[in-house]
Amino acid sequence: MNYVEENYDVLVVGAGHAGCEAALASARLGLNTIMFTVSVDSIALMPCNPNIGGSSKGHLVREIDALGGEMGKNIDKTFIQSKMLNASKGPAVHSLRAQADKKNYSQSMREVLENTENLTIRQAEVSELIVEDGKIKGAKTFSGAVYHVKAVVLCTGTYLKARCIYGDVSNPTGPNGLQAANHLTDSLKALGIEMYRFKTGTPARVDKRSIDFSKMEEQKGDEKVIPFSFTTNPESVQKEQISCWLTYTNKDTHKIIMDNIDRSPLFSGAIEGTGPRYCPSIEDKVVKFADKERHQVFIEPEGLYTNEMYLGGMSSSLPEDVQYAMYRTVPGLENVKIVRNAYAIEYDCINPRQLLPTLEFKAIKGLFSGGQFNGSSGYEEAAAQGIMAGINAAMYVKGKEQVVIDRSQGYIGVLIDDLVTKENHEPYRMMTSRAEYRLLLRQDNADLRLSRIGYKVGLISEERYNSVVRKQENINREIERLEKTKVGASGRIQEFLEKNGSTALKTAASLAELIRRPELDYEKIAEIDDERQPLPDDVINQVNIEIKYEGYIARQLSQVQQFKKLENKKLDPEFDYTVVPSLRKEAVQKLNLYKPLSIGQASRISGVSPADISVLLVFLEQQKRKKEQQK
Amino acid sequence: MGNTDTIAAIATGVTNSGIGIIRISGEDSIEIADRIFVPFKKENKLNNVKSHTIHYGYIKDNDNVIDEVLVSVMRKPNTYTRENVVEINCHGGITVVKSVLDVVLKNGARPADAGEFTKRAFLNGRIDLSQAEAVIDIINAKNEYALKSSVSQLRGSVSSKIKEIRETILEKIAYIEAALDDPEHIEMNGFGDELLLTIKSIKSRLEKLLNSADNGKVIKEGIKTVILGKPNAGKSSFLNALLGEERAIVTDVEGTTRDVLEENISIHGVSLNIIDTAGIRDTENIVEKIGIDKARKMAEDADLIIYIADTSKPFDDNDREIIDFLKGRKAIVLLNKSDLEKEILSEDEKLIETIDTAYKIKISAKTGYGIEEFESAIKEMFFAGEIDFNDQIYITNARHKQNIADALESIKMVENSIENNMPEDFFTIDLMNSYEALGKVIGEAVEDDLVDKIFSSFCMGK
Numbered sequence: 001m002n003y004v005e006e007n008y009d010v011l012v013v014g015a016g017h018a019g020c021e022a023a024l025a026s027a028r029l030g031l032n033t034i035m036f037t038v039s040v041d042s043i044a045l046m047p048c049n050p051n052i053g054g055s056s057k058g059h060l061v062r063e064i065d066a067l068g069g070e071m072g073k074n075i076d077k078t079f080i081q082s083k084m085l086n087a088s089k090g091p092a093v094h095s096l097r098a099q100a101d102k103k104n105y106s107q108s109m110r111e112v113l114e115n116t117e118n119l120t121i122r123q124a125e126v127s128e129l130i131v132e133d134g135k136i137k138g139a140k141t142f143s144g145a146v147y148h149v150k151a152v153v154l155c156t157g158t159y160l161k162a163r164c165i166y167g168d169v170s171n172p173t174g175p176n177g178l179q180a181a182n183h184l185t186d187s188l189k190a191l192g193i194e195m196y197r198f199k200t201g202t203p204a205r206v207d208k209r210s211i212d213f214s215k216m217e218e219q220k221g222d223e224k225v226i227p228f229s230f231t232t233n234p235e236s237v238q239k240e241q242i243s244c245w246l247t248y249t250n251k252d253t254h255k256i257i258m259d260n261i262d263r264s265p266l267f268s269g270a271i272e273g274t275g276p277r278y279c280p281s282i283e284d285k286v287v288k289f290a291d292k293e294r295h296q297v298f299i300e301p302e303g304l305y306t307n308e309m310y311l312g313g314m315s316s317s318l319p320e321d322v323q324y325a326m327y328r329t330v331p332g333l334e335n336v337k338i339v340r341n342a343y344a345i346e347y348d349c350i351n352p353r354q355l356l357p358t359l360e361f362k363a364i365k366g367l368f369s370g371g372q373f374n375g376s377s378g379y380e381e382a383a384a385q386g387i388m389a390g391i392n393a394a395m396y397v398k399g400k401e402q403v404v405i406d407r408s409q410g411y412i413g414v415l416i417d418d419l420v421t422k423e424n425h426e427p428y429r430m431m432t433s434r435a436e437y438r439l440l441l442r443q444d445n446a447d448l449r450l451s452r453i454g455y456k457v458g459l460i461s462e463e464r465y466n467s468v469v470r471k472q473e474n475i476n477r478e479i480e481r482l483e484k485t486k487v488g489a490s491g492r493i494q495e496f497l498e499k500n501g502s503t504a505l506k507t508a509a510s511l512a513e514l515i516r517r518p519e520l521d522y523e524k525i526a527e528i529d530d531e532r533q534p535l536p537d538d539v540i541n542q543v544n545i546e547i548k549y550e551g552y553i554a555r556q557l558s559q560v561q562q563f564k565k566l567e568n569k570k571l572d573p574e575f576d577y578t579v580v581p582s583l584r585k586e587a588v589q590k591l592n593l594y595k596p597l598s599i600g601q602a603s604r605i606s607g608v609s610p611a612d613i614s615v616l617l618v619f620l621e622q623q624k625r626k627k628e629q630q631k
Numbered sequence: 001m002g003n004t005d006t007i008a009a010i011a012t013g014v015t016n017s018g019i020g021i022i023r024i025s026g027e028d029s030i031e032i033a034d035r036i037f038v039p040f041k042k043e044n045k046l047n048n049v050k051s052h053t054i055h056y057g058y059i060k061d062n063d064n065v066i067d068e069v070l071v072s073v074m075r076k077p078n079t080y081t082r083e084n085v086v087e088i089n090c091h092g093g094i095t096v097v098k099s100v101l102d103v104v105l106k107n108g109a110r111p112a113d114a115g116e117f118t119k120r121a122f123l124n125g126r127i128d129l130s131q132a133e134a135v136i137d138i139i140n141a142k143n144e145y146a147l148k149s150s151v152s153q154l155r156g157s158v159s160s161k162i163k164e165i166r167e168t169i170l171e172k173i174a175y176i177e178a179a180l181d182d183p184e185h186i187e188m189n190g191f192g193d194e195l196l197l198t199i200k201s202i203k204s205r206l207e208k209l210l211n212s213a214d215n216g217k218v219i220k221e222g223i224k225t226v227i228l229g230k231p232n233a234g235k236s237s238f239l240n241a242l243l244g245e246e247r248a249i250v251t252d253v254e255g256t257t258r259d260v261l262e263e264n265i266s267i268h269g270v271s272l273n274i275i276d277t278a279g280i281r282d283t284e285n286i287v288e289k290i291g292i293d294k295a296r297k298m299a300e301d302a303d304l305i306i307y308i309a310d311t312s313k314p315f316d317d318n319d320r321e322i323i324d325f326l327k328g329r330k331a332i333v334l335l336n337k338s339d340l341e342k343e344i345l346s347e348d349e350k351l352i353e354t355i356d357t358a359y360k361i362k363i364s365a366k367t368g369y370g371i372e373e374f375e376s377a378i379k380e381m382f383f384a385g386e387i388d389f390n391d392q393i394y395i396t397n398a399r400h401k402q403n404i405a406d407a408l409e410s411i412k413m414v415e416n417s418i419e420n421n422m423p424e425d426f427f428t429i430d431l432m433n434s435y436e437a438l439g440k441v442i443g444e445a446v447e448d449d450l451v452d453k454i455f456s457s458f459c460m461g462k
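Note that the protein sequences, when read in sequence, are chains W and P.
Each residue of the first sequence is one higher than the one before, counting from 1 in our numbering.
Each residue of the second sequence is one higher than the one before, counting from 1 in our numbering.
1) What does a CB cutoff of less than 8 Å around residue 179(P) pick up in its chain, not counting 5 residues either side in sequence?
2) Where does the unbroken beta strand (DSSP E) through residue 6(W) begin, and where does it stop?
3) Can you pull out the residues from the region 428 to 442 of chain W whose beta carbon lies closer than 8 Å to at least one beta carbon of chain P?
4) Can you tell me whether DSSP reads residue 338(P) as helix, strand or coil?
5) So, at 8 Å on beta carbons, what are the nonlocal neighbours of residue 204(W) in its own chain, with the 5 sequence-adjacent residues on each side left out?
6) Of the choices 364(W), 368(W) and 425(W), whose alpha-carbon is the least far from that of residue 375(W)?
7) Quick check: what's the CA-CA separation for residue 579(W) versus residue 233(W)?
8) Taking Cβ-Cβ distances below 9 Å as the criterion, which residues of the region 403 to 426 of chain P are in contact with chain W?
9) Closest Cβ-Cβ distance between residue 169(P) and chain W: below 8 Å?
10) Just to confirm, is the Cβ distance from residue 13(W) to residue 367(W) under 8 Å?
11) For residue 569(W) and residue 420(P), I'd like the C-alpha separation in whole angstroms.
12) Nearest by alpha-carbon distance to residue 428(W): which of 474(W), 372(W), 399(W) and 462(W) is it?
13) Using a Cβ-Cβ cut-off of less than 7 Å, give me the residues of the region 547 to 558 of chain W that come near chain P, in sequence order.
14) What does residue 289(W) touch in chain P if you count any residue whose Cβ is under 9 Å from its own?
15) Report all residues from its chain with a CB closer than 8 Å to the CB of residue 370(P); omit the five preceding and five following residues, and keep chain order.
16) What does residue 310(P) touch in chain W if you count any residue whose Cβ is under 7 Å from its own?
17) Are the region 215 to 225 of chain W and the region 62 to 74 of chain W touching, with three or more C-beta to C-beta distances below 8 Å?
18) Counting only Cβ pairs nearer than 8 Å, list the residues of chain W close to residue 48(P).
19) Express the C-alpha separation of residue 418(W) and residue 517(W) in angstroms, rounding to a whole number.
20) So for residue 601(W), helix, strand or coil by DSSP?
21) Using the Cβ count rule (16 or more neighbours within 10 Å means buried), how would you classify residue 303(W)?
22) Near residue 6(W), which residues of its chain fall below 6 Å by C-beta distance, leaving aside the five closest residues on each side in sequence?
23) Taking the alpha-carbon positions, what's the residue 471(W) to residue 110(W) distance?
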């Protein structure tokens with residue numbers, strides 16, 4: 001034989017944010033894992049924005065961490081600025097965002113991978129999957145090597161048949177000029193997998209020395225940095241931070257864009273892929289918000305040891321000369337020098353409706369996928385799917401029950417359920433509004449929500465899990481104490497209330513009742529809480545939130561109960577909906593296409609109305625009654 | 001789902017009205033109609049005619065002509081049941097209509113169960129749950145005006161009101177969420193004040209709907225009416241005069257109406273639930289005392305009180321007590337025994353003047369004098385007056401009432417949150433609850449226990 005032939009348990013295609021989490025999860029769960037990348041130098045590459053987290057994405061990172069993933073730990077080691085976004089708003093929308101030193105981020109992740117047992121890293125292009133009887137059996141590389149494996153996780157990101165475009169320039173490469181993967185798509189199509197073509201983009205990187213920062217607003221990091229990972233010692237992340245800068249586009253910028261809009265491949269039709277509405281290019285924004293006089297531009301450093309700066313908010317696929325002209329209209333960028341042009345990138349991905357909520361392909365056992373390959377966008381979305389796909393590939397190989405996080409348990413659940421259930425014609429971006437139960441799915445309680453799952457699958461240690469259990473006990477005990485401790489309408493209490501602009505007590509009240517008042521909180525009532533014992537900050541934070549927003553939390557919990565009832569009404573994935581006579585045609589089509597696993601999932605499929613669900617429920621009930629009668 | 005057979009029923013009321021309609025629905029309805037229909041123009045075999053057309057001819061039973069008819073042919077899916085529907089319009093007369101139905105049944109249709117057309121319409125997605133329930137209400141409705149309300153509910157006036165409110169709520173939710181996701185482009189400053197205005201308007205709209213629920217109850221069950229008067233003032237005689245039959249025991253001995261009698265009568269189409277009570281007076285007779293206690297309680301939550309004053313005797317404490325009780329209540333005063341010598345004192349007359357009602361009518365329960373005037377008074381009070389049947393919406397279904405009450409409760413919580421300066425994202429929790437509760441009224445929310453409800457109201461699967 002003149003080619004390489006090897007055996008592994010799990011094979012991961014891709015070493016981006018999804019691939020890294022998938023490979024680490026699989027290897028850490030004891031499976032012999034091999035991870036392929038077109039370039040070992042591009043492991044955990046951040047080809048777009050130089051930050052991790054942000055609104056709702058920060059939630060994902062914390063959830064990944066609670067499950068035993070790496071992203072949170074890695075950004076804690078490599079951040080150069082950190083900020084809690086929306087701190088003035090409700091706790092549901094607080095979100096961490098950290099600027100990364102890109103190079104350091106990649107390097108540090110690579111070190112972790114290289115030092116993980118059971119994990120082999122291999123630079124090669126996987127070009128073909130081997131499937132027999134609806135089961136994955138292995139994969140071949142372009143060089144002809146054959147790998148016999150039990151499960152495969154596809155995390156190809158934006159590399160499949162990738163093409164980078166600006167103006168009339170089109171390069172058949174992946175991001176940053178890296179080699180595209182041009183062969184796997186054909187193998188996937190031959191297996192009957194339906195492919196989409198999506199598009200995304202990135203702004204220019206410019207030379208720091210050519211920027212006039214005096215015309216911009218400085219954006220500093222938080223004074224007290226909160227780490228992403230629940231395992232990171234908060235002391236270790238208090239360090240000197242680098243600033244970002246804020247400036248704005250103006251009418252001149254917009255004029256240049258509009259004057260040259262016909263030269264944009266997006267509008268001229270040269271780009272066939274669908275772009276993300278929620279991460280639009282500057283030309284999209286100018287067209288969409290025609291009456292907006294300016295748009296924000298964030299100038300973000302790409303790292304500590306580079307002069308490259310990222311122009312956040314100005315991704316574009318306009319021609320090089322237009323890019324220069326429009327960037328130079330922005331205050332502070334009058335003399336800017338571009339290091340790397342902005343570009344749009346097109347790539348192949350799948351219609352994720354072909355996946356189960358476990359991220360396994362419905363039609364091919366043992367084949368899993370995650371990240372942009374599934375039609376999402378963003379590093380965090382990718383990593384979240386990566387860890388779930390990795391866990392479930394491992395569970396599959398071990399013959400254990402696979403794990404699904406539902407919409408009431410985490411943003412990860414919302415993300416995956418949306419992908420596999422809702423029609424999605426553009427790169428899917430996580431957003432706060434997508435999570436119905438966001439008051440329960442806070443970034444601050446991700447450990448309390450998900451550590452149990454991480455522990456059960458085996459990604460977090462017993463010690464770590466026990467500490468979470470202890471934390472929960474501490475929270476419960478303190479809440480109980482505050483509910484029970486009453487203060488009377490004494491002079492001292494009234495004086496305290498008056499001082500804090502709060503109405504006087506008529507009868508005795510519990511401390512919890514006082515915390516619930518809008519003008520008071522846990523910290524403020526310290527001086528009238530005589531039996532208070534010192535507690536860790538994270539416990540205090542939970543106690544305060546749980547008490548203060550108790551009514552809202554309770555109402556949200558009852559919404560979750562309603563949701564669970566419908567999730568628990570299971571549907572047979574083999575069921576043929578054409579036999580339900582009075583179901584609308586569109587509903588029959590959609591239900592047969594998606595084959596939902598529960599009434600709840602069925603109700604979320606676009607094109608299936610509540611009336612359709614009623615008809616379906618009535619039909620199923622009649623069937624059930626008929627069967628019972630026959631008995 | 002066993003819906004493929006063809007059903008038929010008389011669609012109009014079984015009365016001697018001008019026309020009667022027999023409705024046939026199901027796969028074979030056109031074929032069945034063709035077997036018994038002889039068109040005026042021979043080429044108009046129903047199988048060949050266009051959908052939604054009307055044809056003149058007659059119905060035969062073998063060789064016997066039964067009636068001259070107009071037949072409408074409506075092919076699926078644009079019909080009430082989304083099945084093939086044929087309607088035979090024949091001349092009224094219970095006998096004729098029933099004979100036509102019999103022929104239809106003989107030729108292959110089966111009699112429809114109560115509400116079965118609606119059940120099919122619902123199951124085939126033609127109407128939503130609220131509309132289906134309205135039809136069930138029609139079937140169960142006792143009086144003409146309950147029917148009208150059900151009909152307007154069926155036409156979707158409840159649905160459209162609810163839909164309007166839901167859309168407003170959804171718009172607000174969408175705005176808040178959009179602002180959460182895109183704070184750069186979507187402004188939140190001042191949004192709370194603006195939202196508060198919307199919330200207040202939604203609140204008052206929901207309150208109106210909910211109030212109509214109480215009216216709806218009146219319509220469906222009849223107006224709860226209590227007759228008060230001292231013993232032997234003529235309460236039972238009056239009731240008998242209305243009913244035209246001797247139901248209450250009437251003697252000249254005080255206190256012979258021992259228990260509470262309840263009668264449902266229809267006056268000009270308004271349904272009254274009249275409760276005849278023992279005379280309000282102090283008594284030591286235990287049997288009677290129970291009757292009186294009940295009467296007091298009944299009077300407490302009556303919609304209308306008819307006070308019968310005996311003008312042939314001076315007022316006693318009973319009268320004074322009743323007149324006091326009438327304060328702030330809807331009442332009609334009947335000055336009874338107008339056939340006898342008037343014996344009430346001028347101070348009694350003054351007392352009557354203090355009663356706040358436009359309706360003080362002289363009657364004689366014995367001769368029937370004034371009964372007509374009383375009946376017009378009822379009609380006036382409840383039609384022209386307080387309840388407008390034409391453009392108001394009545395929530396006649398207890399489940400809907402609960403849903404709307406829940407929606408209102410959530411809206412009040414939003415109001416509360418705004419006033420407490422809570423962050424905007426908190427508003428969406430209760431806005432969503434309100435939206436969902438309203439969705440339940442019009443069947444646009446998925447409910448897990450829906451099936452049970454439908455099965456219990458349609459008696460399906462038996």
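From the three backbone atoms N, C-alpha and C, an ideal C-beta is built for every residue, glycine too.
Reading off the structure:
1) Within the same chain, residue 179(P) has close Cβ partners 186, 187, 188, 191 and 424.
2) In this chain, the beta strand (DSSP E) harbouring residue 6(W) covers 5 to 7.
3) So the list reads 431, 432, 433, 436, 438 and 439, given in the order they occur along the chain.
4) It is coil, neither helix nor strand.
5) Cβ within range, chain order: 311, 314, 316, 323, 327, 338, 339, 340, 341 and 342.
6) If we check each option's Cα against that of residue 375(W), 425(W) comes out closest.
7) Approximately 59 Å between the Cα atoms of the pair.
8) Cβ contacts with chain W: 410, 413, 417, 420, 421, 422, 423, 424, 425 and 426.
9) Among the residues facing chain W, residue 169(P) is not included, as its CB has no counterpart in that chain under 8 Å away.
10) No, they are not a contact pair.
11) When the Cα atoms are used, residue 569(W) and residue 420(P) turn out to be separated by approximately 39 Å.
12) Closest option to residue 428(W), judged by alpha-carbon separation, among 474(W), 372(W), 399(W) and 462(W): 372(W).
13) Listed by position along the chain: 552, 555 and 556.
14) The contacting residues are 185.
15) Within its own chain, the residues whose Cβ lies closer than 8 Å to the Cβ of residue 370(P), once the five positions on either side in sequence are excluded, are 334, 338, 361, 362, 363 and 364, listed in chain order.
16) Simply none; closest approach about 53 Å.
17) Cβ pair count under 8 Å is below three, so no.
18) Those within 8 Å of residue 48(P) in chain W number zero; the least Cβ separation is about 27 Å.
19) Cα to Cα, residue 517(W) sits roughly 37 Å from residue 418(W).
20) Secondary structure at residue 601(W): helix, using DSSP grouped into helix, strand and coil.
21) Within a 10 Å sphere around the beta-carbon of residue 303(W) sit 16 or more other beta-carbons, which makes this residue buried.
22) For residue 6(W), where only same-chain residues beyond five positions count, the Cβ hits under 6 Å are 147.
23) Whole-angstrom Cα-Cα distance: 32 Å.
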